[in-house]
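Colleague:
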Amino acid sequence: MSYVEVPGAQVPIRMWADPASVEDVAMQQLRNVSTLPWIKGLAVMPDVHFGKGATVGSVIAMHGAVCPAAVGVDIGCGMSAVKTSLTANDLPGDLSRLRSKIEQAIPVGRGMHEDTVDPGRLHGFPTSGWDDFWSRFDGIAEAVKFRQERATKQMGTLGSGNHFIEFCLDEAGSLWLMLHSGSRNIGKELADFHIGQAQKLPHNQGLVDRDLAVFVADTPQMAAYRNDLFWAQEYAKYNRSIMMGLFQDVVRKEFKKARVTFEPVISCHHNYVAEERYDGMDLLVTRKGAIRAGSGEFGIIPGSMGTGSYIVKGLGNAKSFNSASHGAGRRMSRNAAKRKFSTQDLEDQTRGVECRKDSGVVDEIPAAYKPIEQVIDQQRDLVEVVAKLKQVVCVKG
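Residue numbers for the sequence shown follow the numbering used here, so the first one is 395 and each next one is one higher.
(1) From 784, 722 and 760, pick the residue whose C-alpha is nearest to that of residue 738; which is it?
(2) Taking just the CA atoms, how far does residue 713 sit from residue 672?
(3) Rounded to whole angstroms, what is the Cα-Cα separation between residue 496 and residue 750?
(4) With DSSP collapsed to three states, give me the class of residue 397.
(5) Report yes if the C-beta distance between residue 679 and residue 715 is below 7 angstroms; otherwise report no.
(6) Closest by CA to residue 854, which one among 735, 655 and 626?
(7) Given a cut-off of 7 angstroms on the beta-carbon distance, is the pair residue 597 and residue 547 in contact?
(8) List the residues that DSSP assigns as beta-bridge partners of residue 438.
(9) For a quick check, are the C-beta atoms of residue 584 and residue 447 less than 7 angstroms apart?
(10) Nearest by alpha-carbon distance to residue 618: which of 444, 398, 411 and 460 is it?
(11) Please list, in chain order, all residues of the same chain as residue 517 whose beta carbon is under 8 angstroms from its beta carbon, the five residues on each side excluded.
(12) Looking only at DSSP bridge pairs, what is residue 782 linked to?
(13) Does the region 450 to 466 touch the region 542 to 562, meaning 3 or more C-beta pairs lie closer than 8 angstroms?
(14) Going by DSSP, which residues form a beta bridge with residue 676?
(15) Near residue 772, which residues of its chain fall below 7 angstroms by C-beta distance, leaving aside the five closest residues on each side in sequence?
(16) I'd like to confirm the pairing. Which residues does DSSP put opposite residue 665 in its beta bridges?
(17) Could you check whether the region 659 to 678 touches the region 691 to 709, counting it as contact only if at least three pairs of C-beta atoms, one from each stretch, sit closer than 8 angstroms?
(18) Quickly, what does DSSP pair residue 596 with across the bridge? List them, please.
(19) Are residue 628 and residue 527 close, meaning C-beta to C-beta below 7 angstroms?
(20) Between the region 721 to 733 and the region 778 to 787, do at least 3 Cβ pairs fall closer than 8 angstroms?
(21) Can you tell me which residues form a DSSP beta bridge with residue 695?
(22) Name the one or two DSSP bridge partners that residue 544 has.
(23) Are the beta-carbon atoms belonging to residue 571 and residue 476 less than 7 angstroms from one another?
(24) Mapping the DSSP letters down to three states, classify residue 571 as helix, strand or coil.
(25) Out of 408, 474, 468 and 450, point me to the one whose CA is closest to residue 636's CA.
(26) Quick one: is residue 376 buried, meaning 16 or more other Cβ sit within 10 Å of its Cβ, or exposed?
(27) When we look at the beta-carbon of residue 616 and count the other beta-carbons within 10 Å, is it buried (16 or more) or exposed?
(28) Per DSSP, what kind of secondary structure is residue 514 in: helix, strand or coil?
(29) What do you get for residue 669, buried or exposed, if any count of 16 or more other CB atoms within 10 angstroms of its CB means buried?
(30) Identify whether residue 551 lies in helix, strand or coil by the three-state DSSP scheme.
(31) Nearest to residue 588 by alpha carbon, out of 561, 536 and 758?
(32) Just verifying my parser: in three-state terms, what is the DSSP assignment at residue 724?
(33) State yes or no: is the C-beta of residue 748 within less than 7 angstroms of the C-beta of residue 493?
(34) Please report how far the alpha carbon of residue 631 lies from the alpha carbon of residue 469, in whole angstroms.
(35) Are there 16 or more other CB atoms within 10 angstroms of the CB of residue 578, so buried, or fewer, so exposed?
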């Protein structure tokens, strides 16, 4: 489908979804966002659903302002994937050992490394800029400085919720490594701090939703937020790079005879801000639950833990601000999923996947998400599919 334009908003809301299928609360959020004086455009992805402040699956383009809640609290959250030289024939019959080896190498949930990971020991890790990145920690908000040790030990860890690490097979039988994570606790604390700071500013007192508080250009608050935002986005990117390095180490050890090689890593944020230019105007484009899909740019659109994922290439559609969806998108809340589904349902829906099947991840059951095939079909003018993947091992926090 192409987009539909939603009436009754102050700026065009271009939606790559059927408006009738979107929850009323999410539609109201979109209209609330459209009332912000600085907004120049709003694109809505097919995985759209209700979020805190701004809707998940929304792309907000503003001039001279940025809304921290429209980034989300997991600044820089995103995906990484890499194709390997392994095939389905290389996999052992029992995949549980592979899952446990990944869980031993990469802390999940609230876990962290006992000692800071030395990226120099990881094969292919881009160490240039690493020391400069950490030297800039001194310049971030004083309110989170006490978290430095935790931030260093959580670098290279998964987290929980919808974050995951997977072995996947494409339709030709090639094995891929894929993972999903962000800026961990340090990103959340920076986001919470700056959202609180924005809500105190005089120009935000009359907003329809206080969670939509913004920073405006040429103010010290905006400068401080941009500094911390871009640092946290970098943290998230390094976090995924280190996890991918640790993941590749596991694969090398477990498949020694195969002499595994890896293609270049595909990586993309889906909760972030970028400086981009449209219609001759410099804009701050916030993607909350959306990836950049510029012409020829690779992206990753995952489904749920039992359905599969897609590697895509962007078509550069300016109507969507060169964006596409970040995943399948939830169709019910975590609490609703826990009420509706049992561990038996989880087992049934993840049959054939080596993964957790306990009550702690019932809220991540595939039926709590929109069908990924439908989500892909709704954005055929935003991306083209390069590969369809199906997971065989899925590690959750």
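In this text, a Cβ means the ideal position worked out from N, Cα and C, and glycines have one as well.
Modeller: On the basis of the supplied data:
(1) The sequence position of residue 738 within the sequence shown is 344, counting from 1. It is 760 whose Cα lies nearest to the Cα of residue 738.
(2) What you label residue 672 is simply residue 278 of the sequence shown in a count that begins at 1. What you label residue 713 is simply residue 319 of the sequence shown in a count that begins at 1. Their backbone Cα atoms lie some 10 angstroms apart in a straight line.
(3) By one-based count along the sequence shown, residue 496 stands at place 102. By one-based count along the sequence shown, residue 750 stands at place 356. Linking residue 496 to residue 750 through their CA atoms gives a straight-line distance of about 13 angstroms.
(4) Numbered from its first residue, the sequence shown carries residue 397 at position 3. In this structure, residue 397 counts as coil in the three-state DSSP scheme.
(5) Locating residue 679 in the sequence shown gives position 285, where the first residue counts as 1. Locating residue 715 in the sequence shown gives position 321, where the first residue counts as 1. In contact: residue 679 and residue 715 (Cβ atoms closer than 7 angstroms).
(6) Given that the chain is displayed from residue 395 to residue 791, the structure contains no residue 854 and the question cannot be resolved.
(7) Counting from 1 along the sequence shown, the entry for residue 597 is found at position 203. Counting from 1 along the sequence shown, the entry for residue 547 is found at position 153. Result no, Cβ atoms of residue 597 and residue 547 do not sit closer than 7 angstroms.
(8) Taking the sequence shown and counting its residues from 1, one reaches residue 438 at position 44. In DSSP, residue 438 forms a bridge with 409 and 452.
(9) By one-based count along the sequence shown, residue 584 stands at place 190. By one-based count along the sequence shown, residue 447 stands at place 53. Not closer than 7 angstroms, so no.
(10) For the purposes of this step, residue 618 is taken as the residue at position 224 of the sequence shown. It is 460.
(11) In the sequence shown, residue 517 corresponds to position 123, counting from 1. Non-local C-beta neighbours of residue 517 in its own chain, meaning closer than 8 angstroms and more than five positions away in sequence, comprise 639, 642, 643 and 646, ordered along the chain.
(12) By one-based count along the sequence shown, residue 782 stands at place 388. Beta-bridge pairing links residue 782 to 704.
(13) Touching, no.
(14) Position 282 of the sequence shown, counted from the first residue, corresponds to residue 676. The partner list for residue 676 (beta bridge, DSSP) reads 671.
(15) Within the sequence shown, numbered from 1, the residue matching residue 772 stands at position 378. For residue 772, where only same-chain residues beyond five positions count, the Cβ hits under 7 angstroms are 395, 410, 411 and 440.
(16) In the sequence shown, residue 665 corresponds to position 271, counting from 1. Its beta-bridge partners are 682.
(17) Contact between the region 659 to 678 and the region 691 to 709 is present: 3 or more CB-CB pairs across the two stretches fall below 8 angstroms.
(18) Numbered from its first residue, the sequence shown carries residue 596 at position 202. In the DSSP output, where bridge partners are listed per residue, residue 596 has none listed.
(19) To locate residue 628, count along the sequence shown from 1; it is residue 234. To locate residue 527, count along the sequence shown from 1; it is residue 133. Yes, the pair counts as a contact, with Cβ atoms nearer than the cut-off.
(20) Output reads no: the region 778 to 787 does not touch the region 721 to 733.
(21) Position 301 of the sequence shown, counted from the start, is the residue given in the question as residue 695. For residue 695, which the question treats as bridged, DSSP gives the partners 704.
(22) Taking the sequence shown and counting its residues from 1, the one referred to as residue 544 is at position 150. DSSP, once it has assigned bridges, lists no residue as partnering residue 544.
(23) The count along the sequence shown starts at 1 and reaches residue 571 at position 177. The count along the sequence shown starts at 1 and reaches residue 476 at position 82. Yes.
(24) Along the sequence shown, read from residue 1 onward, the residue named residue 571 stands at position 177. Look at residue 571 here: in three-state DSSP terms it is strand.
(25) Position 242 of the sequence shown, counting from 1, holds the residue named residue 636. Scanning 408, 474, 468 and 450 for the CA closest to the CA of residue 636 turns up 474.
(26) With the chain covering only 395 through 791, there is no way to say anything about residue 376.
(27) Along the sequence shown, one-based indexing puts residue 616 at 222. Taking every protein chain shown into account, the CB of residue 616 has 16 or more other CB atoms within 10 angstroms, so this residue is buried.
(28) Position 120 of the sequence shown, counted from the start, is the residue given in the question as residue 514. In this structure, residue 514 counts as helix in the three-state DSSP scheme.
(29) As a working mapping, residue 669 is identified with position 275 in the sequence shown. A residue is called buried when at least 16 other Cβ atoms come within 10 angstroms of its Cβ; residue 669 does not meet this threshold and is exposed.
(30) Translated into positions along the sequence shown, residue 551 becomes position 157. The three-state secondary structure of residue 551, taken from DSSP, is coil.
(31) Numbered from 1 along the sequence shown, position 194 holds the residue referred to as residue 588. The shortest Cα separation from residue 588 among 561, 536 and 758 belongs to 536.
(32) The residue you call residue 724 lines up with position 330 of the sequence shown. Strand.
(33) Stepping through the sequence shown from its first residue, residue 748 is reached at position 354. Stepping through the sequence shown from its first residue, residue 493 is reached at position 99. Against a cut-off of 7 angstroms, the Cβ pair of residue 493 and residue 748 comes out as a contact.
(34) As a first step, residue 631 is located in the sequence shown; it is residue number 237 there, counting from the start. As a first step, residue 469 is located in the sequence shown; it is residue number 75 there, counting from the start. Roughly 10 angstroms between the two C-alpha positions.
(35) Start at 1 with the first residue of the sequence shown, and residue 578 comes out as number 184. Counting Cβ neighbours within 10 Å, residue 578 comes out buried, since at least 16 surround it.
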